[in-house]
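Structure first, then comments.
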Amino acid sequence: MLSWAVTFLVVALIAAVLGFGGIAGTAIEIAKIIFFVAIVLFVISAVAGLMRRGRAP
55 MLSWAVTFLV VALIAAVLGF GGIAGTAIEI AKIIFFVAIV LFVISAVAGL MRRGRAP
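Each number in the working numbering comes from the position in the sequence shown (counting from 1) with 54 added on.
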């Protein structure tokens with residue numbers, strides 16, 4: 055999922071260089087959303103892993 059955020063960021067940078075402001079802005083917003091979703095999923099996964107490891111067998 056983080057690769058999608060990087061892909062949209064690259065698309066935004068290329069669009070910004072070429073002067074497509076609307077496309078660049080939209081791609082940056084999509085990249086931000088995907089990045090934050092990936093961070094939230096990572097945190098949830100890390101917490102779940104710590105909780106699972108803390109239990110006695």
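Heads up, the beta-carbon is just placed ideally off N, CA and C, and yes, glycines get one too.
DSSP-derived helix/strand/coil call for residue i
{"i": "Phe-89", "result": "helix"}
{"i": "Phe-96", "result": "helix"}
{"i": "Phe-62", "result": "helix"}
{"i": "Gly-73", "result": "coil"}
Same chain, Cβ closer than 6 Å to residue i, neighbours up to 5 away in sequence not counted
{"i": "Ile-77", "result": "Ala-69"}
Close beta carbons around residue i, own chain, < 7 Å, minus the five adjacent residues each side
{"i": "Ala-66", "result": "Ala-78, Ala-81, Ile-82 and Ala-85"}
Inset, instruction - For the stretch 76-85 and the stretch 60-68, state whether three or more C-beta atom pairs, one from each stretch, are separated by less than 8 Å. - result: The stretch 76-85 is in contact with the stretch 60-68.
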